[in-house]
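Below is one structure, written out as structure tokens; comments come after it.
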Amino acid sequence: MSRIVYVDGAFVPEEEARVSVFDRGFLFADGVYEVTSVLGGRLIDFPGHVRRLGRSLAELALANPHSEAEWLALHRDLVARNAVTDGLVYLQVTRGSAGDRDFAYPGPATPPTVVMFTQSKPGLADAPAARTGWTVIAIPDLRWGRRDIKTVQLLYPAMGKMMAKAAGADDAWLVEDGLITEGTSNNAWIVSRGRIVTRPLGTEILHGITRAAVMRLARESQLEVEERPFTLDEAKTADEAFVTSASAFVMPVVEIDGVRLGDGTPGPLARRLREIYLDEMRRAAM
Ligand code: PDD
């Protein structure tokens, strides 16, 4: 079934959507994106995603083409037009096309390119993987230094995913100076001595919207959360591990570099946090 996608102000069938070969997203990865999940036809944690979009754009001196209310309306419209019950909304804003290739940013006469599309994923919140957990491998973090900006330069994360696949694993955790930064497309957490541990915010990781919600909900449930860096060695000896993202929610990790965590099944805190997160987010969905 052909999707209706949004490109530069118009809703069109996906076959008719066009972006210039001179678009800076294509030539320079000069653009940012967001992924918001949809459950039961409603947007999950939209305010967090739209705020982070504003921040990513501002960090790159890219004008935000829409107000938060306009972004919300566009998301809802696209979800409705594609009759998405469970799935994702992908949105990308690039610095547009000045009709040629030039490293310097074009002037204000060049409008940004806005592209949005949906991905239907029935049963997204009931992924069978959540019952068995992911296995991950550790690889060096070779990305650029501003990972707090959600740019579309995702080649290394894609390479990491392929390295994981080649090793028979589900994902890769990235390691810098012996410390875990995050997963290829998710934030990394461990449970160590009863405490839930995740790396503090900085330029080294994406400021995950799911991470923020899980942290708040964990604390509200009287669970102890510690924001501090942790090593690969500590992760391998942790009681539990999990990752968070808009598409995986809270996904247990049961094995790191072939080392089983606990009894090799999803840990109790990861399972509980997944439940709490999904309950609360469905309630607040818009
Ligand atoms: N990825 N870290 C990285 C590098 C990510 O790409 C993502 C999200 C996250 C989690 O952020 P959030 O909780 O806001 O989704 C952390 C999205 C899902 C993607 O690229 O598809």
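Residues in the sequence shown are numbered from 451 upward in steps of one, following the numbering used here.
Using N, Cα and C, we set each Cβ at its ideal position, and we do this for glycine too.
- request: Could you give the DSSP three-state label for residue 621: helix, strand or coil?
  value: Sequence index remark: in the sequence shown, residue 621 carries index 171 (1-based). Looking at residue 621 - three-state DSSP - the assignment turns out to be strand.
* Asked: So which residues put a beta carbon under 6 Å from any heavy atom of the ligand PDD, going in chain order?
  -> Those residues are 485, 632, 635, 636, 637, 656, 658, 659, 660, 661, 694, 695, 696, 697, given in chain order.
Query raised in the report: At what residue ranges does the region 534-595 contain a whole run of the beta strand (DSSP E), taking only runs of 3 or more?
Result: 537-544, 563-570, 584-590
(Q) Using C-beta distances below 8 Å, list every residue in its chain close to residue 504, excluding the 5 sequence neighbours before and after it, in chain order. (A) Start at 1 with the first residue of the sequence shown, and residue 504 comes out as number 54. Excluding positions up to five away in sequence, the list reads 514, 518.
Give me, in chain order, the residues of the same chain whose beta-carbon lies closer than 8 Å to that of residue 711; leave out the 5 immediate sequence neighbours on both sides. For the purposes of this step, residue 711 is taken as residue 261 along the sequence shown, with counting starting at 1. Once the five neighbours on either side are set aside, the close Cβ partners of residue 711 are 686, 688, 689, 690, 691, 703, 704, 705, 717.
| query | Beta-carbon of residue 564 versus every beta-carbon of chain B: anything under 8 Å? | reply | Absent here is chain B; the protein component of the structure consists of one chain.
*So is residue 594 buried or exposed if we call it buried at 16+ other beta carbons inside 10 Å?*
Against the sequence shown, residue 594 aligns to sequence position 144. Under this definition residue 594 is an exposed residue.
So what's residue 470 in DSSP terms, helix, strand or just coil? Counting from 1 along the sequence shown, the entry for residue 470 is found at position 20. In the structure shown, residue 470 sits in coil (DSSP, three-state: anything other than H, G, I, E or B).
* Asked: Are there three or more Cβ pairs, one per stretch, closer than 8 Å when the region 674-681 is compared with the region 646-666?
  -> Yes, the region 674-681 is in contact with the region 646-666.
- With a floor of 4 residues, list each alpha helix (DSSP H) that falls wholly inside the region 616-695, ordered by position along the chain. 659-670, 682-686
> Tell me, which residues are paired with residue 486 by DSSP?
Replying inline: As a position in the sequence shown, residue 486 is number 36, starting the count at 1. Beta-bridge pairing links residue 486 to 539.
_Quick check on the burial criterion: 16 or more other C-beta atoms within 10 angstroms. Buried or exposed for residue 550?_
The residue given as residue 550 occupies position 100 in the sequence shown. So residue 550 counts as exposed.
Beta-carbon proximity list for residue 657, same chain, < 7 Å, skipping 5 on both sides = If you number the sequence shown from 1, residue 657 lands on position 207. Hits under 7 Å: 502, 598, 651.
| task | Report yes if the C-beta distance between residue 625 and residue 576 is below 8 Å; otherwise report no. | result | Looking up residue 625 in the sequence shown gives position 175. Looking up residue 576 in the sequence shown gives position 126. No, the Cβ-Cβ distance between residue 625 and residue 576 is not below 8 Å.
message = Quick check: the region 659-674 against the region 547-567, are at least 3 beta-carbon pairs closer than 8 Å?
response = no
* Where does residue 453 sit, in a helix, a strand or coil, going by DSSP? -> Within the sequence shown, the letter at position 3 stands for residue 453. Three-state result, residue 453: coil.
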